[in-house]
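Everything below concerns the one structure shown next.
2 protein chains.
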Amino acid sequence: MSLAPLRPPKRLLLGPGPSMVPPRVYEALGQQIVGHLDPFFFEVDDEIRRLLPMVFSTKNDFNVAISGTGSAGMEAAVANFAEPGQKFAVFVNGFFCERLSEMARRQGASVVRFEKPWGTVFEDDEARAFILREKPRMVAYVQAETSSGAYQPGKAIAEAAHEVGALVIADCVTSLGGMPVLVDETGIDIAYSCTQKGLSCPPGLAPLTVSPLALERLRTRQTSPETWYLDLLLLDTYYSSRRYHHTASATMFYALREGLALIEEEGLEARWERHRRNHLAFVAGVEAMGLKMHVPEGQRLWTLNTPCVPAGIDDARVRARLLEERGIEIAGGFGPLAGKVFRIGLMGYGSTPENVLLILEALEAALRAEGYRGGDNGRAAAEQALAAYR
Amino acid sequence: MSLAPLRPPKRLLLGPGPSMVPPRVYEALGQQIVGHLDPFFFEVDDEIRRLLPMVFSTKNDFNVAISGTGSAGMEAAVANFAEPGQKFAVFVNGFFCERLSEMARRQGASVVRFEKPWGTVFEDDEARAFILREKPRMVAYVQAETSSGAYQPGKAIAEAAHEVGALVIADCVTSLGGMPVLVDETGIDIAYSCTQKGLSCPPGLAPLTVSPLALERLRTRQTSPETWYLDLLLLDTYYSSRRYHHTASATMFYALREGLALIEEEGLEARWERHRRNHLAFVAGVEAMGLKMHVPEGQRLWTLNTPCVPAGIDDARVRARLLEERGIEIAGGFGPLAGKVFRIGLMGYGSTPENVLLILEALEAALRAEGYRGGDNGRAAAEQALAAYR
Chain X
156 MSLAPLRPPK RLLLGPGPSM VPPRVYEALG QQIVGHLDPF FFEVDDEIRR
206 LLPMVFSTKN DFNVAISGTG SAGMEAAVAN FAEPGQKFAV FVNGFFCERL
256 SEMARRQGAS VVRFEKPWGT VFEDDEARAF ILREKPRMVA YVQAETSSGA
306 YQPGKAIAEA AHEVGALVIA DCVTSLGGMP VLVDETGIDI AYSCTQKGLS
356 CPPGLAPLTV SPLALERLRT RQTSPETWYL DLLLLDTYYS SRRYHHTASA
406 TMFYALREGL ALIEEEGLEA RWERHRRNHL AFVAGVEAMG LKMHVPEGQR
456 LWTLNTPCVP AGIDDARVRA RLLEERGIEI AGGFGPLAGK VFRIGLMGYG
506 STPENVLLIL EALEAALRAE GYRGGDNGRA AAEQALAAYR
Chain C
156 MSLAPLRPPK RLLLGPGPSM VPPRVYEALG QQIVGHLDPF FFEVDDEIRR
206 LLPMVFSTKN DFNVAISGTG SAGMEAAVAN FAEPGQKFAV FVNGFFCERL
256 SEMARRQGAS VVRFEKPWGT VFEDDEARAF ILREKPRMVA YVQAETSSGA
306 YQPGKAIAEA AHEVGALVIA DCVTSLGGMP VLVDETGIDI AYSCTQKGLS
356 CPPGLAPLTV SPLALERLRT RQTSPETWYL DLLLLDTYYS SRRYHHTASA
406 TMFYALREGL ALIEEEGLEA RWERHRRNHL AFVAGVEAMG LKMHVPEGQR
456 LWTLNTPCVP AGIDDARVRA RLLEERGIEI AGGFGPLAGK VFRIGLMGYG
506 STPENVLLIL EALEAALRAE GYRGGDNGRA AAEQALAAYR
């Protein structure tokens with residue numbers, strides 16, 4: 156009749172997220188909660204809203220932690236800014252761009268798409284030409300495509316969008332806290348992310364920032380968004396004017412406050428550099444093992460790596476070995492990349508030289524157990540890369 | 156530069172929620188997370204989906220924990236079932252009925268309302284007459300009105316609704332886990348709640364159950380709901396078919412699993428009885444102190460009490476005294492009940508004889524410090540009521 160208290164297995168989370176959670180965040184999760192209108196809750200929220208612009212690299216005043224996961228952040232961005240019948244342009248080169256399109260379609264927007272294969276990025280000229288031709292009201296792109304491992308620069312997109320009077324939404328779910336997001340420098344109007352990747356908290360909140368230009372658009376919207384739960388102006392009255400909207404979770408806010416405090420302590424640029432170094436070491440290792448990276452050099456995420464699955468190897472069997480024999484979570488590809496890539500995350504607290512060496516050794520052992528014969532010792536190559544990095 | 160680790164104040168949460176969280180749930184919150192597609196995550200979810208029908212008193216197969224707060228549960232119920240142009244009837248006798256109306260309006264539904272003062276309930280005959288006259292496609296009511304403290308029976312509403320081919324949504328945010336919800340016996344088609352009241356977990360998830368009839372309606376809907384994040388059929392593919400939808404929070408699922416396990420251990424009916432006993436003792440106490448209850452006897456929630464603020468007393472000053480001097484959170488009224496009632500929750504882990512006596516003593520002291528002169532010793536009356544209860 157009685158269930159025994161829950162005892163989760165110990166996992167090394169090196170997939171596309173959630174990432175490893177540091178002890179300070181776990182400690183915060185177990186702290187006593189307060190109410191969603193308690194003065195202490197708003198102190199915590201004030202700290203979060205002071206630290207969010209730091210990780211987004213923005214001077215925006217409007218920064219909020221949405222009470223939902225990263226996909227709730229995406230829906231908040233789309234539902235507040237896509238309007239029925241208006242043109243909504245999406246750069247589509249991966250799974251989450253498809254999700255953006257689908258959400259905009261559901262809002263009744265007229266969706267126009269520029270499609271390229273998963274793992275490629277859009278060049279400045281072609282992005283610009285697409286926007287000038289379509290003259291949309293909104294432009295959305297994914298800065299860090301979790302399905303492919305590609306990083307999409309946004310400056311040319313934002314410049315062209317602003318020329319035609321459009322606002323820019325950028326999905327920063329897999330970049331925030333791990334590599335440059337640069338909201339202001341890029342010209343992004345609405346950026347959203349999650350808590351469980353570069354910020355190394357559990358999933359549950361979606362940080363979101365809105366530029367003054369986008370805020371003006373929101374304030375002059377003719378109709379209210381269909382969503383009440385994710386209505387950004389209502390959320391603003393809660394967090395800024397402390398008027399009840401919904402019951403935000405003290406637990407999740409505690410965790411995010413601690414996750415952001417750890418980033419401030421480390422220094423954002425030092426944190427990027429740590430992610431870059433470990434990413435490069437990982438790449439050196441898998442390439443030495445004879446695996447190719449799916450995304451060309453210079454376009455890769457530092458947070459999430461997508462080495463190709465060697466010919467003749469069943470990626471699901473390799474992943475099962477890692478999970479069952481070693482307690483390591485990595486992910487496979489899906490959609491057009493199903494069976495073709497591994498997705499290996501080195502994010503936040505999990506981005507360490509030790510984890511790079513460990514996953515290379517474990518991946519190599521699993522591949523060889525599945526019959527893979529190519530390549531050299533990946534771990535040794537990564538050690539060299541780490542030592543040589545400056 | 157560096158923020159000190161977070162140290163929340165210790166609060167006794169006796170407001171309308173969040174309620175006190177038991178140690179076993181806090182322990183679960185600090186446990187190591189797993190991924191949202193990990194076999195262990197689905198084990199936890201399976202246990203949650205086994206236990207949710209128990210607390211809802213239903214045989215429904217479709218039970219889900221939505222990744223958002225109670226208001227996300229409300230939005231899921233409305234956005235999946237309200238369709239543009241279709242008639243959506245709402246029984247309006249409190250703040251959360253207003254919210255239901257507003258959400259249905261945003262979905263483009265044609266909203267018809269039956270209004271009564273906050274704190275009253277709808278009689279069977281008048282409820283029935285309204286539904287038979289309006290012949291809506293959907294009917295929504297609030298079983299446990301957190302703004303007023305009133306419990307709305309739903310059987311007559313559900314019978315009439317089904318006669319005209321309508322489905323019934325019931326807001327059970329402040330009843331679930333603390334008093335009878337009785338989904339099947341009442342005839343409710345869609346019921347939703349939250350985690351931070353009768354279930355005594357932190358806020359962050361919204362349990363929701365859907366009847367086979369409502370599921371059939373969903374499956375034959377002509378258009379997809381505007382919301383992707385809260386699309387119930389998509390959520391079903393995630394939790395039933397284990398296909399990725401969004402990154403559910405292991406932390407929140409751990410907590411809910413433990414909260415539900417504690418209810419199974421206690422026994423649902425024993426738990427209701429505990430809430431009823433403590434509620435009655437509280438009422439005996441405040442009435443002895445000379446305060447009137449806003450809601451008539453027999454229509455009161457057992458989870459949330461709304462004694463009237465005595466004439467000449469500023470409720471905000473009383474609440475500030477309780478919070479600042481004693482660390483006790485209670486809430487005031489708002490809307491038409493602003494300044495007129497206190498809202499005092501005795502829910503879940505917080506519904507104990509000790510808390511009844513403590514809040515009565517503290518409330519009385521705060522009232523007397525603010526100049527209140529009426530009544531007898533409330534604590535003594537509650538002690539008698541507790542002793543006499545059988």
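Top to bottom, those sequences are chains X and C.
Just so you know, we're using the working numbering here: the first sequence kicks off at 156 and counts up by one.
Just so you know, we're using the working numbering here: the second sequence kicks off at 156 and counts up by one.
We put the CB at the ideal spot given by N, CA and C, even for glycine.
| query | result |
| --- | --- |
| Check distances from the C-beta atoms of the stretch 349-368 of chain C to those of chain X and list, in chain order, the residues that come in under 8 Å. | CYS349, GLN351, PRO357, PRO358 and GLY359 |
| Rounded to a whole number of angstroms, what is the C-alpha to C-alpha distance between PHE243(X) and GLY353(X)? | 28 Å |
| Can you tell me whether DSSP reads LYS310(X) as helix, strand or coil? | helix |
| One question on the structure: do ALA316(C) and VAL294(C) come within less than 8 Å of each other, judged by their Cβ atoms? | yes |
| Select from the stretch 381-395 of chain C all residues with a C-beta closer than 7 Å to any C-beta belonging to chain X, and list them in chain order. | GLU381, THR382, TRP383 and TYR384 |
| Between HIS401(C) and THR392(C), which are expected to be in contact by the criterion C-beta below 8 Å, what is the C-beta distance as a whole number of angstroms? | Rounded, the Cβ-Cβ distance is 11 Å, inconsistent with contact. |
| Fully enclosed by the stretch 457-517 of chain C, which alpha helix (DSSP H) runs are 4 residues long or longer? | 470-481 |
| To the nearest angstrom, report how far apart PRO358(C) and LEU512(C) are at their CA atoms. | 26 Å |
| CB ARG261(X) to CB GLU381(C), shorter than 8 Å? | yes |
| Would you say ASP193(X) reaches chain C, if we count a Cβ-Cβ gap shorter than 8 Å as a contact? | yes |
| Could you check what DSSP says for ILE418(C) in three-state terms: helix, strand or coil? | helix |
| Could you check which residue in ILE418(X), ARG523(X) and SER348(X) has the C-alpha nearest to that of ALA220(X)? | SER348(X) |
| I'd like to know if the stretch 299-317 of chain C and the stretch 454-467 of chain C are in contact, where contact means that at least 3 CB-CB pairs between them fall below 8 Å. | yes |
| Where does TRP427(C) sit, in a helix, a strand or coil, going by DSSP? | helix |
| In whole angstroms, give me the CA-to-CA distance for LEU390(X) and ARG476(X). | 44 Å |
| Can you tell me the Cα-Cα spacing of GLU413(X) and SER404(X), whole angstroms? | 14 Å |
| I want to verify the contact list: residues of chain C whose CB lies under 7 Å from the CB of ILE188(X), in sequence order. | PRO173, VAL176 and PRO357 |
| Tell me which same chain residues have a C-beta within less than 8 Å of the C-beta of PHE437(C), skipping the five on either side of it? | ASN460, ILE499, LEU501, VAL511, ILE514, LEU515 and ALA537 |
| Between ALA264(X) and GLU300(X), how many whole angstroms is the CB-CB distance? I'm expecting something under 8 Å. | About 21 Å; that fails the 8 Å criterion. |
| Please name the residues in the stretch 394-414 of chain X whose beta-carbon is closer than 9 Å to at least one beta-carbon of chain C, in chain order. | TYR399, HIS400, HIS401, THR402, ALA403, SER404, ALA405, THR406, MET407, TYR409, ALA410, ARG412 and GLU413 |
| Against SER226(C), what residues of chain A qualify as contacts under a CB-to-CB distance less than 7 Å, listed in chain order? | No chain A is part of this structure, whose protein chains are labelled X and C. |
| Can you list, in chain order, the residues of its chain with a C-beta nearer than 6 Å to that of VAL189(C)? Leave out the 5 residues immediately preceding and following it. | PHE195, PHE196 and ALA405 |
| Would you check if the stretch 528-537 of chain X and the stretch 428-445 of chain X touch, i.e. whether three or more CB-CB distances between them fall below 8 Å? | yes |
| I'd like to know if PHE181(X) contacts chain C, where contact means its C-beta is closer than 8 Å to some C-beta of that chain. | Reading off the sequence, residue 181(X) comes out as Tyr, not Phe. Yes, because at least one Cβ of chain C sits closer than 8 Å to the Cβ of TYR181(X). |
| Shortest alpha-carbon distance to ARG162(C) belongs to which of LEU168(X), GLU198(X) and LYS495(X)? | GLU198(X) |
| Using 8 Å as the threshold, is the C-beta distance between GLU420(C) and SER157(X) below it? | yes |
| Kindly indicate the opening and closing residues of the alpha helix (DSSP H) around ASN235(X). | 225-236 |
| Output, in chain order, the set of chain X residues within a Cβ distance shorter than 8 Å of LEU184(C). | LEU184, GLY185 and THR406 |
| CA-CA distance, GLU548(C) and ASN433(C)? | Here chain C comprises residues numbered 156 to 545, so residue 548(C) is not present and cannot be evaluated. |
| Between LYS165(C) and chain X, is any beta-carbon pair separated by less than 8 Å? | yes |
| Does chain X have any CB closer than 8 Å to the CB of VAL199(C)? | yes |
| Which term fits GLN377(X), buried or exposed, when burial requires 16 or more other beta carbons within 10 angstroms of its beta carbon? | exposed |
| For the stretch 253-269 of chain C, which residues have a CB atom closer than 7 Å to at least one CB atom of chain X, in sequence order? | GLU257, MET258, ARG261 and GLN262 |
| List, in chain order, every chain X residue whose beta-carbon is nearer than 7 Å to that of LEU168(C). | GLY190 |
| Determine the chain C residues that contact ALA416(X) at a beta-carbon separation under 9 Å, and present them in chain order. | SER157, LEU158, ALA159, PRO160 and LEU161 |
| On the three-state DSSP scale, how would you describe SER265(C)? | strand |
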